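Residue numbering for the first sequence follows the numbering used here, starting at 7 and increasing by one per position. Even glycine gets a Cβ: it sits at the ideal position worked out from N, Cα and C. Remember, it's a predicted structure, so these values are computed and weren't measured experimentally.
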Amino acid sequence: MVVGPESGEANLAAAKKVRPEWVLQVTGRISPRPEGTVNAKLPTGGIELACEQLVVFSEAETPVFQPGAVELPGEEVRLAHRWLDLRRQAMQDNLMLRHRMVKLMRDHFDEAGFIEVETPMLGRSTPEGARDFLVPSRLDHGSFFALPQSPQLYKQLLMMAGFDRYVQVAKCFRDEDLRADRQPEFTQLDVEMSFVEADDVMGVIDSLVQKTAREVLGLEIPLPLPRLSWDEAMERFGHDAPDQRFGLEITDCTDIAADSEFRVFRGAVEAGGRVRGIRVAEAASRFSRKDLDTLTQMAVDAGAKGLVWLKVEEGSSLAGPVAKNLTGGIDARLIERLGGTAGDLLLLVADSFEVSCKALHTLRKHLGATLELYDPKTLHCSWVVDFPMFAHDAETGGWAAMHHPFTAPRPQDIPLLESDPAACRAVAYDLVINGSEAGGGTIRIHDSGVQQKVFELIGLSPEVAREQFGFLLDALASGAPPHGGIALGIDRWVMLFARLDNIRDVIAFPKTQRASDLLTGAPGEVDAKQLEELGIRVVTPPAAVAPGGTAPSP
RNA sequence: GGGGGUGUAGCUCAGUUGGUUAGAGCGCCAGCCUGUCACGUUGGAGGCCGCGGGUUCGAGUCCCGUCACCCUCGCCA
């Protein structure tokens, strides 16, 4: 935009006053820039607008930070002045991407005959799962609504009602501690279908993944997406959402370890544990003693008693603090099993299966990132299927549903409900993108006998089940079609497709790690009158916070 | 609840073994320049060093506590 003497004195005077972030209307003629004034670096660098009339719609106070600045302000400042932060091109791009992806999802399901149905935000608290956000009832003191953790029960009821293809962009709420990829309120693409099996649900998502990757990233993803069982995921990667952008797969060496004299190995095997390891190719010389101590500490932090590290040397021999214990050909067998060649680094963990999974997963993730074993631009999508039906509940000592209590066991595993619940596998499937759980679903139980048995196993008495889920049980007994579905974490999808590592950057108005909103000040105190109407008395009133942000000493 | 990191000018940061008046870049204000766009140039203003306490002759710096933000474990069917 050019304002010169030819624009007239008034416009020129007005233009001189203009400051950053002012809102203007400029009327004039667009023409190619004169010779020598073209700027190829700007998208509009070839043209200019000769100002004929300048109108100042709105002046702007000096902003706390400049949205166009090179230096990004700290997140605290960005959140407190979110409207400025959202002016930044990167944030505009992120929200535009989100819009496009959500539209793709809606169109995809609309074309497949799904209808979007809204479900209540004010529902009933149900046991298990995450902590609920509660909303007190004014008309019934002492009673509370719960915000939905997901529309799970409602969407199943819609199946009983005959809407055999349901979808919803649904807000969900879970009052748990936050992470970089977790917000207390988040958005799911919630899906449920009748007369389907797991393949049908995964198929619908497969084509959505392919379509989205193609339209948004220009990536061609072959279908069907690879699937691996939960058991295989834990064996090969030590995690139920493995990052498969790189190798470093886990190899079991328990049988070799059992033959060794090395007490660490023998002890783990005799205690019913496992000895497993990963081979880091050509890494022996890249890791100093200090680096290896760091890896060891990571393994210890993950619950392991230690980490056995070994450097493969010429002639099938091993070097390392415990190498001398691996006599009698154990060293050669380990090298062969792990596929080691001279210069490789071998990392072994001897512990229970669970601990070895956790430790090796932690190491694998760390090494993959620090050794740059993958192109950060790749998008690896896959399914993990056949999750265990039950997990040990640390609190009760009994069984707990790994997903929710309406998850169907695999038909062939139904006898295991009686004989061996631990071995019972569910018709459950998680979508994994770049080592992140991007969605998950199950086929639901539609047989009341099986449902009864599952409730029993997780310690839910018929009375309590009726009390909590009576409406669902009644609905199931009223002619329920076989059904199942899935929920995709939209925030996380957008984050992954935008190649970001922070979910807040794809949410217009996110919350901090302590679930507060720095923009509005939520949550905040309310009037005594409001509390009185709700029949609520605050037992521990919040300490008054001084303007300096300091709480008074107790 | 546990572990780790950060907190100094409006913003991004530097600040030595504790030692005079706490600095830089950007922004802001005033002037000059007036077609190259992160303009240039001259000058200026701007600091509860997150908050509270302690040690010390002396604290941005050391100690204790506390608050906020970030990462993480637990947690998130």
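One or two residues paired with residue i in a DSSP bridge
i	result
residue 192	178
residue 199	171, 490
residue 37	54
residue 443	438
residue 235	391
residue 432	415
residue 257	283
residue 8	56
residue 464	Paired residue(s): none; residue 464 is not in a bridge.
residue 448	434, 491
Residue i, DSSP secondary structure in three states
i	result
residue 247	coil
residue 490	strand
residue 496	helix
residue 213	helix
residue 89	helix
residue 396	strand
residue 425	helix
residue 415	strand
residue 31	strand
residue 509	helix
residue 185	strand
residue 541	coil
residue 206	helix
residue 298	helix
residue 374	helix
residue 222	helix
residue 522	coil
residue 147	coil
residue 367	helix
residue 459	helix
residue 379	coil
Beta strand (DSSP E) segment containing residue i, residue limits
i	result
residue 281	280 to 286
residue 231	Careful: residue 231 lies outside any beta strand (DSSP E) and carries neither H nor E.
residue 152	150 to 152
residue 140	140 to 142
residue 390	387 to 391
residue 407	405 to 407
Beta-carbon proximity of residue i to residue j, cut-off 8 angstroms
i	j	result
residue 344	residue 285	yes
residue 503	residue 222	yes
residue 234	residue 358	no
residue 452	residue 199	no
residue 8	residue 85	no
residue 349	residue 305	no
residue 202	residue 164	no
residue 456	residue 420	yes
residue 507	residue 515	no
residue 134	residue 407	yes
residue 325	residue 332	no
residue 197	residue 172	yes
residue 75	residue 28	no
residue 137	residue 509	no
residue 236	residue 391	yes
residue 374	residue 249	yes
residue 212	residue 229	yes
residue 125	residue 157	yes
residue 466	residue 411	yes
residue 282	residue 369	no
residue 271	residue 263	yes
residue 395	residue 417	no
residue 569	residue 478	Nothing in the structure corresponds to residue 569, since the chain is present only between 7 and 560.
Residue range of the unbroken alpha helix (DSSP H) whose run includes residue i
i	result
residue 471	468 to 482
residue 20	15 to 23
residue 271	269 to 276
residue 162	158 to 166
beta-carbon residue i near the ligand MG non-hydrogen atom, thresh 7 angstroms
i	result
residue 250	Ligands in the displayed structure: none, and consequently the ligand MG is not present.
Threshold first: 4 residues or longer. Then list the alpha helix (DSSP H) segments lying entirely within the stretch 301 to 363, N to C.
336 to 344
Uninterrupted alpha helix (DSSP H) stretches inside the stretch 56 to 137 (no shorter than 4 residues):
81 to 86, 88 to 91, 95 to 117
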